[in-house]
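Engineer:
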Amino acid sequence: MYPDEFYYTKNHEWIKVEGDIGTVGITDFAQKQLGDVVYVDIPDKGTLDFHQSMGVIESVKAVSDIYSPLSGEILEVNAGLNESPELVNEDPHGNGWILKLKIKDRSELEKLMSAGDYEKFLDGLEE
Amino acid sequence: MIEFFGWNLPVEFSGIVHEHMAVREKAGLFDVSHMGEIIIRGRQALELVQFLTPNDASRLSFGRAQYSALTSPEGTFVDDLLVYCLEDSFLLVVNAANITKDFHWIRQHAEPFDVQVENASEEYTQIALQGPSAENILQSLTEIALDALSPFHFDLGKVAGKECLVSRTGYTGEDGFEIYTKCSEPGKIWNAVMKEGKEYGLLPVGLGARDTLRLEASLMLYGNDIDETTTVLEANLGWLVKFKKGDFLGRDSLFDQKEKGVSREIAGFELVERGIARSHYTVFADEQQVSEVTSGSYSPYLKKSIGLAYLPIAYTAIDSKIEVEVHDRRVPARIIPTPFYKKKEKSD
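From first to last, the protein sequence lines are chains A and B. The working numbering puts the first residue of the first sequence at 54, with every later residue one more than the last. The working numbering puts the first residue of the second sequence at 2, with every later residue one more than the last.
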């Protein structure tokens with residue numbers, strides 16, 4: 054269920070690394086917790102530090118901060134989420150991606166979880 | 002599930018937007034048993050109700066209900082409620098959060114009256130069936146003639162074989178019914194309605210959609226939009242106040258406020274740029290901080306951010322411009338007419 058090639062954070066973000074570009078989103082667990090996403094508020098430029106808040110995702114009932122999995126420079130936000138924020142619920146690991154950044158320091162990846170670790174982490178939460 | 006004043010209530014079953022739209026287009030079923038029921042009976046029951054509330058309960062006869070309030074001497078809200086005129090008593094349906102407060106308030110003021118006041122909340126189950134298909138669904142489960150039941154009217158009869166009070170009332174802005182019962186096994190009524198409603202697309206609905214639905218209909222939520230600091234006139238509910246009926250708690254204060262004019266009033270707004278306004282977000286008018294959002298949300302039906310706030314009178318006219326601070330941005334908003342949503346009439 055959780056793509057093997059992604060890295061994961063304890064705050065339920067994922068990052069897919071291709072060269073020095075990282076695509077970031079939130080996990081299926083996170084979208085279920087949020088409920089219907091109705092608004093995504095992320096800046097389309099700027100630099101982010103490791104685990105710095107990069108904006109908010111809002112569902113009908115909640116406002117949730119999302120944090121950058123790695124340090125980097127924002128390249129692009131998913132414009133499709135303006136019209137269709139529900140993509141985050143429908144395809145959280147695919148078309149519901151939130152932003153792309155230029156990775157500053159690949160060694161930070163060591164601080165993130167693999168898919169297996171993330172799934173274990175989720176099991177731990179559900180107890 | 003969330004904890005709500007001693008109750009465990011579901012926020013959603015299948016998604017807030019999904020449930021919200023089901024109520025607007027088909028039907029939704031709510032378990033609202035957390036609401037309170039207080040009964041006033043006795044020789045002077047009507048007199049006590051008249052004293053405690055601003056609306057005119059003497060207009061009610063058996064089978065009729067009215068929206069009303071328990072007002073303080075300052076004309077502010079102790080609670081908002083429905084008053085039902087029963088055979089030999091009045092049934093007050095109050096907010097879950099205020100049951101104990103209201104019961105003590107009523108008992109305290111009941112001293113000089115020849116009445117008995119009973120808190121029957123624990124005995125009552127209440128479910129609400131709301132939406133355009135509500136009548137069709139419920140009619141097959143009851144011998145009460147629903148097409149003859151007008152809004153704010155009720156009747157007693159069996160629903161799914163159980164004795165109930167069925168009123169054409171609700172908190173969604175749609176046609177619908179609230180079903181009260183003291184029977185044992187009220188879950189059978191829920192199951193029967195869910196089964197009957199299946200072919201109509203009936204869904205169970207939680208607190209999340211209950212809030213978005215009532216906000217679209219601009220129905221007040223005690224604690225958010227009305228409380229002991231807001232007067233009935235400031236809340237734009239002047240129609241509830243029947244000065245001519247006689248004395249009632251808060252009459253003098255409200256009369257005074259009516260003569261002098263209110264300095265602030267609740268108004269509905271929409272954000273005109275991206276963002277969602279929520280409760281307690283700061284509201285600015287002409288760069289000055291003037292108040293906070295009382296209720297605000299994304300509106301699933303209207304697909305925009307709507308909300309309510311108390312504003313100085315000068316800013317309450319339709320199209321007035323205000324700003325709402327959403328996270329760290331001031332988002333422009335404008336005053337729009339309420340209710341934000343009005344159901345289609347059957348004749349449309």
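A virtual CB, placed ideally from N, CA and C, is assigned to each residue, including glycine. Remember, it's a predicted structure, so these values are computed and weren't measured experimentally.
Please list, in chain order, the residues of the segment 91 to 102 of chain A that have any C-beta partner in chain C closer than 8 Å.
Structural biologist: Protein chains A and B are contained in the structure displayed, whereas chain C is not.
Engineer: What is the rounded straight-line gap between the Cα of Y342(B) and the Cα of I319(B)?
Structural biologist: What you label residue 342(B) is simply residue 341 of the second sequence in a count that begins at 1. What you label residue 319(B) is simply residue 318 of the second sequence in a count that begins at 1. For Y342(B) and I319(B), the distance between alpha carbons rounds to 16 Å.
Engineer: If contact is defined by three or more beta carbon pairs under 8 Å, each pair taking one atom from either stretch, is the segment 95 to 115 of chain B in contact with the segment 280 to 288 of chain B?
Structural biologist: No: fewer than three Cβ pairs fall under 8 Å.
Engineer: Tell me whether T101(B) sits in a helix, a strand or coil according to DSSP, three-state version.
Structural biologist: Working through the second sequence from its first residue, we reach residue 101(B) at position 100. It is helical.
Engineer: Just the Cα atoms here: how many angstroms apart are E66(A) and F103(A)?
Structural biologist: Numbered from 1 along the first sequence, position 13 holds the residue referred to as residue 66(A). Numbered from 1 along the first sequence, position 50 holds the residue referred to as residue 103(A). Cα to Cα, the separation comes out at about 12 Å.
Engineer: Which value, in whole angstroms, describes the spacing of the CA atoms of D349(B) and P133(B)?
Structural biologist: Here the question's residue 349(B) lines up with position 348 in the second sequence. Here the question's residue 133(B) lines up with position 132 in the second sequence. With a pLDDT of 45 at D349(B), under the threshold of 50, the modelled position of that residue is not reliable, and the figure given next carries that caveat. Spanning the two alpha carbons is a distance of roughly 13 Å.
Engineer: Would you mind telling me which residues of chain B sit closer than 7 Å to E163(A), beta carbon to beta carbon, in chain order?
Structural biologist: Residue numbering aside, residue 163(A) sits at position 110 when the first sequence is read from its first letter. The premise fails here: E163(A) is roughly 32 Å from chain B at the closest Cβ pair, so nothing lies under 7 Å.
Engineer: Which of the three DSSP states, helix, strand or coil, is assigned to M107(A)?
Structural biologist: Walking along the first sequence from the start, residue 107(A) turns up at place 54. Strand, per DSSP.
Engineer: So with Cβ pairs under 8 Å, would you call E111(A) a contact of chain B?
Structural biologist: Against the first sequence, residue 111(A) aligns to sequence position 58. For E111(A), the answer is yes, since a Cβ of chain B falls inside 8 Å of its Cβ.
Engineer: In angstroms with no decimal places, state the Cα-to-Cα distance between H19(B) and A210(B).
Structural biologist: Within the second sequence, numbered from 1, the residue matching residue 19(B) stands at position 18. Within the second sequence, numbered from 1, the residue matching residue 210(B) stands at position 209. Answer to the nearest angstrom: the Cα atoms are 9 Å apart.
Engineer: On the CB-based measure, 16 or more other CB atoms within 10 Å of its CB, does F91(B) come out buried or exposed?
Structural biologist: Within the second sequence, residue 91(B) is the residue found at index 90, counting from 1. With 16 or more Cβ atoms within 10 Å of its Cβ, F91(B) is classed as buried.
Engineer: Taking Cβ positions, are G251(B) and E75(B) nearer each other than 8 Å?
Structural biologist: Taking the first residue of the second sequence as position 1, residue 251(B) is located at position 250. Taking the first residue of the second sequence as position 1, residue 75(B) is located at position 74. Contact flag set, yes.
Engineer: Among Y311(B), Y282(B), P313(B) and P301(B), which one has its Cα closest to the Cα of V332(B)?
Structural biologist: If you number the second sequence from 1, residue 332(B) lands on position 331. Of the candidates Y311(B), Y282(B), P313(B) and P301(B), the one whose C-alpha sits nearest the C-alpha of V332(B) is Y282(B).
Engineer: Please compile the residues from chain A whose C-beta is within a distance smaller than 9 Å of the C-beta of E13(B).
Structural biologist: To locate residue 13(B), count along the second sequence from 1; it is residue 12. Chain A residues near E13(B): G88, D89, V113 and K114.
Engineer: According to DSSP, M166(A) sits in a beta bridge with which residue or residues?
Structural biologist: On the first sequence, position 113 is the one that residue 166(A) refers to. Per DSSP, Y61(A).
Engineer: Mapping DSSP to helix, strand and coil, what is D349(B)?
Structural biologist: Locating residue 349(B) in the second sequence gives position 348, where the first residue counts as 1. Here the model assigns D349(B) a pLDDT of 45, short of 50, so the residue's position is not dependable and the matter cannot be decided.
Engineer: List, in order along the chain, the chain A residues whose C-beta lies closer than 7 Å to that of I17(B)?
Structural biologist: Residue numbering aside, residue 17(B) sits at position 16 when the second sequence is read from its first letter. By Cβ distance, chain A contributes G88, D89, V113 and K114.
Engineer: Taking the alpha-carbon of D144(A) as reference, which of D89(A), L101(A), S160(A) and Q105(A) has the nearest alpha-carbon?
Structural biologist: Reading the first sequence from its first residue, position 91 is the one you call residue 144(A). Closest by alpha carbon: D89(A).
Engineer: Suppose you measure from the CA of S34(B) to the CA of Q127(B); what does that come to, to the nearest Å?
Structural biologist: For the purposes of this step, residue 34(B) is taken as residue 33 along the second sequence, with counting starting at 1. For the purposes of this step, residue 127(B) is taken as residue 126 along the second sequence, with counting starting at 1. Taking the straight line joining both Cα atoms gives about 4 Å.
Engineer: Can you check which of these residues, D57(A), Y61(A), P56(A) and Y55(A), is closest to S121(A) by C-alpha distance?
Structural biologist: Taking the first sequence and counting its residues from 1, the one referred to as residue 121(A) is at position 68. Looking at the Cα atoms, Y61(A) is the closest of the given residues.
Engineer: Jot down the residue ranges of each uninterrupted alpha helix (DSSP H) in the segment 24 to 54 of chain B, minimum 4 residues, whole runs only, in chain order.
Structural biologist: Counting only runs of 4 or more, we get 46 to 53.
Engineer: Determine the extent of the alpha helix (DSSP H) in which K245(B) is found, giving its start and end residues.
Structural biologist: Within the second sequence, numbered from 1, the residue matching residue 245(B) stands at position 244. Taken as a continuous stretch (DSSP letters only), K245(B) belongs to no alpha helix (DSSP H), as it is neither H nor E.
Engineer: If we count Cβ pairs, one from each stretch, closer than 8 Å, do we get three or more for the segment 324 to 338 of chain B versus the segment 194 to 210 of chain B?
Structural biologist: Counting Cβ pairs under 8 Å, fewer than three are found: no touch.
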